[in-house]
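**Q** Encoded as C-alpha cells, here's the structure I'll be asking about.
Residue numbers (the UniProt record's numbering), protein chains in the order written: chain A, 1 to 414; chain B, 1 to 414.
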C-alpha cells in the first residue's frame with residue numbers, strides 16, 4: 001500500500017467549491033487504497049485579509065501575534081476539507097501543525113522545523129484515517145504557534161513525508177508541472193516528465209514559484225520523491241527525484257530567468273587577501289543578498305569586483321559601501337540597472353564542456369551582449385540587458401532543442 | 001494589587017475600532033496597577049460566517065471539526081487585541097484556550113471545563129504581563145480543540161478568575177447592567193446595583209442574555225464576585241455576589257419573563273408511584289426540557305399532569321407521548337400554545353409569605369388569568385397568555401415598586 005502526502009495550495013482551496021474538488025481527488029486516492037496525509041494552505045485571499053486586519057491596528061505587529069493570527073487561516077481549511085471528506089464517507093481527521101507534532105524553532109514568522117513527533121500520525125494512518133494537516137505552521141517547545149515563512153506549506157508536506165516515510169509527496173498547484181522554461185513567456189515551453197532535485201533548485205523560479213527551494217532542499221536531504229501536478233487538470237505532472245530515469249540525453253533540461261537584476265562594480269580595491277571577505281561581510285551584515293560575483297585584475301596592486309543584486313537592494317548596497325569607503329580603500333563605485341539573468345540548467349552538462357560555448361554563440365549570433373557570466377556544475381548563467389531577456393530565452397530554448405520530446409522519453413510516454 | 005479578569009463579548013470586539021476601544025480600557029486598568037486577564041469572544045459576526053462556510057459543505061458537520069473551525073474566531077481576536085495593547089506599550093501576550101491550560105471533557109460543541117492548569121498564567125501575571133485569552137474554547141487530554149457551547153466565553157472568564165484566585169470577574173457587554181426587568185419592554189425598568197448569584201440565575205433571561213446561567217453557577221460555586229457593565233458607556237455596572245449589601249429591603253428584586261411557552265396536559269394517568277418518573281424519563285430521553293410541572297387529582301385512581309415546554313419542542317413531545325400511550329396508560333393529551341411565563345425574583349421573599357398573594361391580586365385586578373403557578377424559595381412564576389405578558393410585567397413592576405430606588409440604596413449611591 002502506497003503512503004502518500006498530498007499538498008494543496010491556497011488557490012486550490014480558495015472557495016468551498018474548490019475544497020469540494022480537492023475532497024473528490026483525495027477520496028479517489030483513498031479509495032484506490034493509499035494511506036494519505038493531506039496538507040493544505042489557507043483559503044485563497046484569507047491570509048491577505050488577516051494581514052489587513054493586523055495592519056489596521058499597527059504597522060509593526062508583534063511576530064508572535066502575527067503567527068497566532070495567520071495560523072487560523074490553515075485551521076479553517078483543514079476543518080472544512082475534513083468535513084467535506086467525512087461527507088464522502090472518508091474517515092478523515094484534522095490536525096493543526098502543533099497537533100501533528102511539528103516542533104519548530106522559536107523564530108516567529110520564519111521558523112524552521114526542528115523535529116516531527118510522528119507517532120500519532122503513523123498510528124492514525126495505520127488505523128486507516130486520512131489525516132488533514134495545516135501547512136505553514138508548527139509549535140515551539142513551550143507551545144507557542146509559529147509559522148514557517150515563505151513556501152511553508154510545501155515544507156510541511158515534504159517534512160511530513162520524510163517523517164512518516166511516505167512513498168512520495170505530491171504537490172498540487174495551479175500549473176501542470178515543471179516546464180523547460182516559463183510558458184507565459186515562451187510558447188514552445190514544454191512540460192518535463194522528470195527533473196533532479198538540483199535541477200529543480202536551479203529552476204526554482206520557473207513557472208511562478210512552482211515549489212519553494214526550501215522544500216526541494218528538504219526533499220533532497222531526506223530523499224523524498226516529489227511530484228508537481230495541477231489540482232484542476234487530470235494530467236501527469238513532473239517527478240522530482242534523485243535518479244532522473246527519462247530524458248537522460250537532455251544535456252540542458254530547462255531555462256530559468258529573472259529580471260530586476262542590478263550589477264554593482266567596486267573598482268580599484270587593494271589586491272589583498274582580506275579584500276573579498278571584508279567586502280562581502282559588510283554587504284551581508286547589511287542584509288544585502290549577492291548572486292553572481294566576478295573578480296578582475298585592475299592593475300598590479302588593484303582588483304575590480306562586480307556582483308549582481310536585486311533591484312530593490314541597490315539603495316542599501318550603495319549606502320553601506322559608501323560608508324565603508326575608507327575601510328575598503330576602493331576608488332570607484334558603479335552600478336548598472338535593468339538587467340536580467342538567463343540560466344541554462346541540466347545535470348547532463350557536467351560531462352559536456354561544449355554547453356557554455358553553445359550558449360554564448362547562440363546569444364552572440366542574435367546580438368545579445370553578455371555582461372556577466374557565472375557557472376556551476378549544472379548551470380550556466382548569463383546576465384544580459386532586461387530588454388533582451390525573453391529573446392535570449394527563446395534563442396536558447398531553440399539552440400538546445402527543448403521543444404522536442406527526445407526519443408527515449410517519447411518511447412516511455414507511448 | 002487587584003487581580004481582575006475582564007471579559008469582552010462579540011459585539012464589544014466586532015471591528016478593529018471596537019478592539020482599539022477595548023485596548024484603551026484594558027490599558028487604563030493595567031496602568032491603574034491591576035493584574036489582568038482579558039477574555040474575548042470572536043469578532044461580531046465572524047462565528048456566523050464560519051458556520052456558513054461549514055453549512056455550504058454539509059448539513060451535518062462533524063462536531064470535532066466544527067470546534068476546530070469555530071475556535072479560529074477567538075484566536076483572531078486575541079492576536080489583534082494583543083497587537084493593539086503592545087502598540088500602547090502594554091506588555092500583553094495572547095493564549096488560546098489550550099495554551100491557557102483549559103482542559104475540558106471530550107464532548108465537542110458543548111464541552112465542560114474539567115481543570116485549569118493555571119501555573120503558567122499565574123507566573124505570567126506575576127511577571128507583569130496582561131494575558132489575553134481566547135474564550136469559549138479548551139482542549140481535551142489528547143489535545144483536540146473543544147468549544148464550551150452557549151455562554152462559553154463567560155464561563156471561561158469565571159473559570160479563569162476562580163483558577164487564578166482573582167478578586168473579581170468583570171463581564172463587559174452591550175447592556176449597562178442587570179435591570180429590574182427588560183428595559184426594552186418596560187420603560188420604568190431600573191438598573192440594579194447588586195444582585196445575589198441565585199437571583200441572577202432566576203433572572204438569567206433578563207436583558208437579552210446578560211450572563212449565561214452556567215457562568216453564574218460557576219461563579220457561585222467558586223465564590224467569584226462578578227460585575228456586569230457596558231463595554232461602551234463609562235457607568236457603574238451591577239455586582240453579582242453572595243452578600244448583597246444594598247437594597248436589602250427589596251423583597252422582589254426583578255421580574256423575568258419569557259414567551260413561546262406551551263402547556264401540555266396528560267390527563268387520566270394511573271395514580272401510581274411510577275407514573276411521574278416514567279413520564280418524565282420518557283420526555284428527557286427524547287430530549288424534551290420541561291420547566292413547570294403540576295399534578296392534579298382527576299378521580300380516585302387517576303391524576304392529570306401538566307407541564308410547560310418551549311414552543312419548539314411541542315412536536316417531539318406529542319410524538320413521544322403518543323407513542324408511549326400504552327405504556328403510560330393515559331386517557332387524553334391536550335396542549336395550549338402562545339403562553340408566557342412571568343416571574344418575580346428576590347431572595348427577600350423567603351421570609352415574606354405575602355409576596356405570592358400580592359402578585360396574584362395584582363394580576364387578577366388587571367384581569368390577567370393565571371394558567372399555571374410555580375414557586376421556589378426566591379421566585380414565583382405565573383404562566384399567562386402571551387398577549388398579557390408585557391402588561392403583567394408592568395403591573396408587577398408597579399405593584400412591587402421596582403422603579404423606586406429604596407432609601408438604603410439611595411444613601412449609598414450618593
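Every residue gets a Cβ at the ideal spot worked out from N, C-alpha and C, and that includes glycine. Owing to the predicted nature of the structure, the values given are computational and were not obtained by experimental measurement.
According to DSSP, simplified to helix, strand and coil, what is residue 15/A?
**A** Three-state result, residue 15/A: coil.
**Q** Keeping to the same chain, check which residues put their C-beta closer than 8 Å to that of residue 251/B; ignore five residues upstream and five downstream.
**A** The answer, listed in chain order, is 346, 348, 349, 352, 355 and 400.
**Q** Per the DSSP calculation, residue 310/B is bridged to which residue(s)?
**A** According to DSSP, which records beta bridges pairwise, residue 310/B is partnered with 261/B.
**Q** Under 8 Å, Cβ to Cβ, is there at least one residue of chain B near residue 14/A?
**A** False, the Cβ-Cβ gap to chain B never drops below 8 Å.
**Q** Exposed or buried, what is residue 208/A when buried is set at 16 or more other beta-carbons lying within 10 Å of its beta-carbon?
**A** Summary for residue 208/A: the model assigns pLDDT 45, below 50, so the residue's position carries little reliability, and this model does not support an answer.
**Q** Who are the near neighbours of residue 23/A in its chain, counting only those whose CB is closer than 7 Å to its CB and skipping five residues on each side?
**A** Cβ within range, chain order: 81, 84, 85 and 88.
**Q** I'd like to know if residue 38/B contacts chain A, where contact means its C-beta is closer than 8 Å to some C-beta of that chain.
**A** Chain A, which has no Cβ nearer than 8 Å to the Cβ of residue 38/B, makes this no.
**Q** Straight-line CA distance for residue 11/B to residue 182/B?
**A** One C-alpha to the other measures close to 19 Å.
**Q** Can the beta-carbon of residue 103/A be found less than 8 Å from the beta-carbon of residue 73/A?
**A** Taking 8 Å as the Cβ cut-off, residue 103/A and residue 73/A do not qualify as a contacting pair.
**Q** If the cut-off is 7 Å on Cβ atoms, which residues from the region 129 to 145 of chain A count as contacting chain B, listed in chain order?
**A** So the list reads 143, given in the order they occur along the chain.
**Q** Using beta-carbon positions only, say whether residue 171/B and residue 227/B come within less than 8 Å of one another.
**A** In this structure, residue 227/B lies closer than 8 Å to residue 171/B by Cβ.
**Q** Cutting at 6 Å between CB atoms, please list the residues of its own chain near residue 230/A, excluding the five before and the five after it.
**A** Same-chain partners within the cutoff: 176.
**Q** For residue 202/B, does the three-state DSSP call read helix, strand or coil?
**A** The answer is helix: DSSP assigns residue 202/B an H, G or I state.
**Q** Measure from the C-beta of residue 75/B to each C-beta in chain A and report whether the shortest distance is under 8 Å.
**A** Yes, contact with chain A.
**Q** Taking 8 Å as the CB-CB limit, is residue 87/B close to chain A?
**A** Chain A, which has a Cβ nearer than 8 Å to the Cβ of residue 87/B, makes this yes.
**Q** Do residue 186/A and residue 394/A have their C-beta atoms within less than 8 Å of each other?
**A** Yes, these two residues count as a Cβ contact at 8 Å.
**Q** Taking the alpha helix (DSSP H) that residue 52/A belongs to, which residues open and close that run?
**A** Its alpha helix (DSSP H) spans residues 46 to 57.
**Q** Does DSSP put residue 401/B in a helix, in a strand, or in coil?
**A** Correct three-state label for residue 401/B: coil.
**Q** Below 6 Å CB to CB, which residues in the same chain sit around residue 19/A once its five sequence neighbours on both sides are set aside?
**A** So the list reads 13, 80, 81 and 84, once near-sequence residues are dropped.
**Q** Consider the Cβ of residue 69/A: report whether some Cβ of chain B lies at a distance smaller than 8 Å.
**A** For residue 69/A, the answer is yes, since a Cβ of chain B falls inside 8 Å of its Cβ.
**Q** Can you tell which of 151/B, 148/B and 90/B has the C-alpha that lies nearest to the C-alpha of residue 132/B?
**A** Ranking the options by Cα distance to residue 132/B, first place goes to 90/B.
**Q** I want to see whether chain A comes within less than 8 Å of residue 1/B, judged by CB atoms only; does it?
**A** No, residue 1/B lies away from the interface with chain A (no Cβ there is under 8 Å from its Cβ).
**Q** Where does residue 431/B sit, in a helix, a strand or coil, going by DSSP?
**A** Past the edges of chain B, shown from 1 to 414, lies residue 431/B, and the structure says nothing about it.
**Q** What number of angstroms, rounded off, separates the C-alpha of residue 158/B from the C-alpha of residue 219/B?
**A** Whole-angstrom Cα-Cα distance: 6 Å.
**Q** Note down, in chain order, all residues in the region 91 to 123 of chain B with a beta-carbon under 7 Å from any beta-carbon belonging to chain A.
**A** Under the 7 Å Cβ criterion, the region 91 to 123 of chain B contributes 94 and 99.
**Q** Considering only residues of the same chain and omitting the five flanking positions on each side of residue 201/B, which have a CB-CB separation below 8 Å?
**A** Here the set comprises 213, 216, 217 and 220.
**Q** Considering only C-alpha positions, which residue in the set 135/B, 93/B, 3/B and 130/B is nearest to residue 113/B?
**A** Measuring from the Cα of residue 113/B, the nearest candidate turns out to be 135/B.
**Q** Specify the secondary structure class of residue 269/A as computed by DSSP and reduced to three states.
**A** DSSP places residue 269/A in strand when its eight states are reduced to three.
**Q** By Cβ distance, which residues of its chain are closer than 8 Å to residue 78/A, with the 5 residues on each side in sequence left out?
**A** 40, 94, 95, 96, 132, 133 and 134.
**Q** Can you list the beta strand (DSSP E) stretches of 3 or more residues lying completely in the region 362 to 402 of chain A, in chain order?
**A** Listed in chain order, the complete beta strand (DSSP E) runs (minimum 3 residues) inside the region 362 to 402 of chain A are 372 to 376 and 379 to 385.
**Q** For residue 165/B, which residues from the same chain have a beta carbon less than 8 Å from its beta carbon, with the 5 sequence-adjacent residues on both sides left out?
**A** If we look at residue 165/B and ignore the five residues flanking it on each side, its Cβ neighbours are 3.
**Q** Cα separation between residue 302/A and residue 276/A?
**A** Whole-angstrom Cα-Cα distance: 12 Å.
**Q** Enumerate in chain order the residues of its own chain whose CB-to-CB distance from residue 33/A is below 6 Å, with the five nearest sequence positions on each side excluded.
**A** Contacts found: 1.
**Q** Taking C-beta pairs closer than 8 Å, name the residues in chain B that residue 82/A reaches, listed in chain order.
**A** Chain B residues near residue 82/A: 62, 65 and 68.
**Q** Would you call the region 271 to 285 of chain A and the region 332 to 339 of chain A in contact, with 3 or more CB pairs under 8 Å?
**A** Cβ pair count under 8 Å is below three, so no.
**Q** Grouping DSSP H, G and I as helix and E and B as strand, with all else coil, what is residue 211/A?
**A** Residue state, collapsed to three classes: coil.
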